[in-house]
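Chains as they are written, first to last, in this note's numbering: chain Y, 1 to 341; chain F, 1001 to 1341.
There are 2 protein chains.
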Amino acid sequence: MPTTLPTAGREWHLVARPTGWPTDANFALRTAPVSEPGAGEILVRNRYLSVDPYMRGRMNAGRSYIAPFELDEPMLGDALGEVVASRAEGFAVGDLVTHHQGWREFATLPAADAVPVPRDLDVPDTAFLGVLGMTGLTAYVGMKDIARVREGDVVFVSGAAGAVGGPAGQMARLLGASRVIGSAGGPEKTRLLTEEFGFDAAVDYKAAPVGEQLAKAAPEGIDVYFDNVGGDHLEAALDALNVFGRVAVCGLISSYNATEPAPGPRNLGLVLGRRLRVEGYLVTDHQERREEFLRQTAEWLRAGQLRYRETVCEGIERATEAFLAMMRGGNVGKMLVSLEG
Amino acid sequence: MPTTLPTAGREWHLVARPTGWPTDANFALRTAPVSEPGAGEILVRNRYLSVDPYMRGRMNAGRSYIAPFELDEPMLGDALGEVVASRAEGFAVGDLVTHHQGWREFATLPAADAVPVPRDLDVPDTAFLGVLGMTGLTAYVGMKDIARVREGDVVFVSGAAGAVGGPAGQMARLLGASRVIGSAGGPEKTRLLTEEFGFDAAVDYKAAPVGEQLAKAAPEGIDVYFDNVGGDHLEAALDALNVFGRVAVCGLISSYNATEPAPGPRNLGLVLGRRLRVEGYLVTDHQERREEFLRQTAEWLRAGQLRYRETVCEGIERATEAFLAMMRGGNVGKMLVSLEG
C-alpha cells in the first residue's frame, strides 16, 4: 500500500434539520480522519458527487421510506470515485467505482457496497451517476414497469429537463410512445426538450398554467403521466388522462420544502370513472432490473438515440449550493459536484 | 302469445338534471305504452329494481364513463323480472332474467341483453341483483383483481354495510386476509359488520374521526383499502397504509352530490415513499370474470361463509325515494325496489 494515503478529508454534515427550504445554517463542511481499509474494504477518492431531490427527505426526522441523515454525521449519497487502497479481492488501486458514501472526499467502505464501473461501454464516467446510474434506472423502471408504456401511448413527463425526466421521456419514445410531451421551467429548458431530446411538445410551467398548455399539446389526451413534481402538474395530468391511463409517481419536488401539507388535486375522483392507476415507486426496490437497463441504455446511447445533459459544480465546498440550486431548478440534466479541481 | 299482455306501464323519467342532491322535482313517474316484442326480443315484467350510487353520475350531463340518462326518457338500471312474452329462442314465458332496462314496470328488449337467472344455485332470486349480481361482482373483482388481496393482508373497507362493501370485506377474508376492518354509519350497522359479517373491527364514521378509529383498529397499519367513499375515509386510509399498499377505488359516494369539487387528500404524497398503488375500476370492464365469480360466490353462500342483507322498498312509486335513502345511507345491504305488491 502506498504511503501517500490520505489521513484526513472533508465531508458535509447535517448539523440542524431544516424547516422548509434548507439554508447554510443546516450544513457544515468538516474535516475528519480517513480510516485505512480493513479486510474486505476499499478506500475511495471521490471524483464526483451526486445531489438529488430525494435527499431533502433524508434531512427530515421521523418516519420515511429511507433512514434520515444523522445529525453531525456525513450525509450519504451516490458518488463516483477511484480506488486508492484495497484489501478486497477483485478491486485494485485505480479502479473506478460508484457507491453510496457521497458528500465527502474520501470514503472507506466494504467492497460489497461498491459497484465497479464497466469500462467497455464507451461512455463518459459521469454517466454512471446519471443516465447509466440511479437516475437513469429510475426513468427506465418508471416507464417500463410502473407506467408500462405501450405502443401508441401519449406520454407526459414533468421535470423533463432534469436527470430523471429527460431520459424518461426519451425512453418512452424508444419503448413505443407515439407522442411525448415534457414540462420544464423557462425557454432554455423547453427548447432543449424539443430540439435536443426529441420531445414532440414542451410545456413551460413558468409561462402559463400547466393545464392549459397540456390541453393544447395533447388534444387527444394522454395515456401516461410520469410525475416528478406533483401539485398543479398532477392535477393537470389527471384532467388530461384518457381511460386506463397510468401515473408513475417518481418524485414530488413541488412539496419537498413545504412546511404545511398541501391539499391533493381536486380532480382525484377521475381515478374512478377513467379507471386510472396511480402508483408510487422507488428505484431501490428495482435493482434486479439494473443489468438489463445498463445493456439497453448503453445501446441507446451508442446509437445516438438517447441524449442527456449534466450540470457540474466545481469543488466539494459548493456541494450544498449545488443541491439547493438543483432543488430550485437551476440545473439542466444531472446535477453533479466535481472534486477533480 | 296470451292476450293478457300489458299495453302500458309506469316508468321513471329524469325530467331535470339535479345540482347537488336530487329532489322530487328532478323525476317523474309516467305511464307509457308497452311495445310487443319483435323478432329476437322478449317482454319482461320487472319484479325488482336495483338502485345504486353510480346512477347519480348518470343524472349529470357531459363527459363521464357512462352515458348520461336522457331527459324525458326512462332511466336505466339493473332489474330482475319474468318473461311474459318471447320471440327469442331459449327464452320462455315464466323464465327469470336480469337486464339493464330498470326503473319501469315492463321492458321490451333484445334477448341478447338479458341474462337468464340460474335455477340450480339454491339462493333467493333477489341475490342476482346483489351478492350474485353487479354489486357482488364489483366486490369480487375489486378484491381479487384490483386490490389483489393476499394471504395475511390487513384490509379496510369503507361503506362496509352496503351492497358492495359487505361482500367485499367477507371476500377479502375468504381470499386470505388476516384482519378485516369495515366502516359504516351508526351502531346498528357496525354491529352487523362484526356480529354477522365476521369483520374483526368496525369504524363508526358518525361517532368519531375515521383516522383515529382506524389507527386503533389497525395498529400495524393496513395493506389494502377498498374505497366506496373517498373524502376523509381515503385520507385516513392513506395514513394507515403500509408499504406496497393498494387502494381499489370502487366508489366515491361522499362526492357524488357535491356542487364543488373537494380538494384531494393532503397526504397523497405518501403514494411515493410507501410505493402505494391507487387504482380505479368499473365492473363493466370485468364481465369476463362473471362465470368464475358466480360459481365461487354461490359456493361461499351455500357453505354459509358469505352473508348479505337487503333493504326492500315496496312499489315502483317509491323508487326515487329508495334511491335517495340509499345515497344517504338509509339502507343496510343491497337497496331494492319491489314491484311485487
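We treat Cβ as the ideally placed atom computed from N, Cα and C, and that holds for glycine.
These numbers were taken from a predicted model, which means no experiment stands behind them.
For residue j and residue i, the rounded distance between their alpha carbons
| i | j | result |
| --- | --- | --- |
| A1201/F | G264/Y | 29 Å |
| T342/Y | R17/Y | Because residue 342/Y is not part of the residues shown, which for chain Y are 1 to 341, the question remains open. |
| N26/Y | M59/Y | 9 Å |
| V278/Y | R1277/F | 6 Å |
| E1292/F | H1286/F | 11 Å |
| E1220/F | R1179/F | 11 Å |
| D1095/F | I1146/F | 34 Å |
| E89/Y | E41/Y | 9 Å |
| H13/Y | E317/Y | 12 Å |
| V83/Y | E105/Y | 12 Å |
| G330/Y | G186/Y | 11 Å |
| F1323/F | A1079/F | 14 Å |
| A1067/F | G1280/F | 18 Å |
| L1272/F | T108/Y | 32 Å |
| D122/Y | R302/Y | 8 Å |
| V33/Y | E11/Y | First, the residue type needs correcting, since residue 33/Y is Pro and not Val in the sequence shown. Each residue's alpha carbon lies about 10 Å from the other. |
| K1144/F | L1306/F | 16 Å |
| A172/Y | R1328/F | 45 Å |
| M1326/F | L1268/F | 29 Å |
| L1238/F | R1274/F | 10 Å |
| A177/Y | V164/Y | 17 Å |
| M1001/F | G1062/F | Its pLDDT being 47, under 50, M1001/F is placed unreliably in this model, and the value from its coordinates should be taken loosely. When rounded, the distance between both Cα atoms is 42 Å. |
| T320/Y | S338/Y | 13 Å |
| Y1140/F | L1049/F | 22 Å |
| L241/Y | L43/Y | 49 Å |
| V1093/F | P1022/F | 37 Å |
| L137/Y | R290/Y | 7 Å |
| V1203/F | L1234/F | 14 Å |
| A1217/F | D1024/F | 40 Å |
| A207/Y | S254/Y | 17 Å |
| A168/Y | A28/Y | 34 Å |
| T31/Y | L71/Y | 15 Å |
| V1115/F | T1098/F | 5 Å |
| A262/Y | G251/Y | 15 Å |
Beta-bridge partners of residue i, as assigned by DSSP
| i | result |
| --- | --- |
| P74/Y | H13/Y |
| E41/Y | P110/Y |
| R246/Y | V224/Y, R277/Y |
| F156/Y | I181/Y, Y225/Y |
| D24/Y | Answer is none; D24/Y lacks a bridge partner. |
| V115/Y | T98/Y |
| N46/Y | G81/Y |
| R104/Y | E11/Y |
| G1162/F | G1333/F |
Residue i, enclosing beta strand (DSSP E) - first and last residue
| i | result |
| --- | --- |
| R1179/F | 1179-1184 |
| P124/Y | It is not in any beta strand (DSSP E) - P124/Y carries neither H nor E in the DSSP assignment. |
| L1080/F | 1079-1086 |
| P33/Y | 27-33 |
| E310/Y | 310-314 |
| K1334/F | 1334-1338 |
| V203/Y | 201-204 |
Anticipated Cβ contact below 8 Å, residue i with residue j, distance rounded
| i | j | result |
| --- | --- | --- |
| V1149/F | L1175/F | 5 Å |
| I1222/F | V1117/F | Not quite, the Cβ-Cβ distance comes to about 37 Å (not below 8 Å), so this is no contact. |
| Y308/Y | G166/Y | 6 Å |
| E314/Y | R47/Y | Actually they do not touch by this definition, with Cβ atoms about 12 Å apart. |
| T297/Y | L132/Y | 6 Å |
| A111/Y | F91/Y | 5 Å |
| M1134/F | V1283/F | 6 Å |
| L214/Y | A236/Y | 5 Å |
| T259/Y | G20/Y | 5 Å |
| R87/Y | G38/Y | 6 Å |
Extent of the continuous alpha helix (DSSP H) to which residue i belongs
| i | result |
| --- | --- |
| D239/Y | 231-240 |
| A1322/F | 1319-1327 |
| E1291/F | 1290-1302 |
| A1172/F | 1165-1174 |
| K1189/F | 1187-1191 |
| V141/Y | 134-141 |
| L1214/F | 1210-1217 |
| R307/Y | Careful: R307/Y lies outside any alpha helix (DSSP H) and carries neither H nor E. |
| G1264/F | Where G1264/F is concerned, there is no enclosing alpha helix (DSSP H), given that its DSSP letter is neither H nor E. |
| R58/Y | 55-58 |
Beta carbon proximity, residue i to chain C, threshold 8 Å
| i | result |
| --- | --- |
| A1262/F | In the structure shown, chain C cannot be found, because the protein chains are Y and F. |
Pairing CB atoms from the segment 1151-1170 of chain F with CB atoms from the segment 1191-1199 of chain F, are three or more of them under 8 Å? For the pair of segments examined, the segment 1151-1170 of chain F was found to touch the segment 1191-1199 of chain F: the number of CB pairs separated by less than 8 Å reaches three.
Quick one: any contact between the segment 1225-1236 of chain F and the segment 229-238 of chain Y, if contact means 3 or more CB pairs under 8 Å? No, the segment 1225-1236 of chain F does not touch the segment 229-238 of chain Y.
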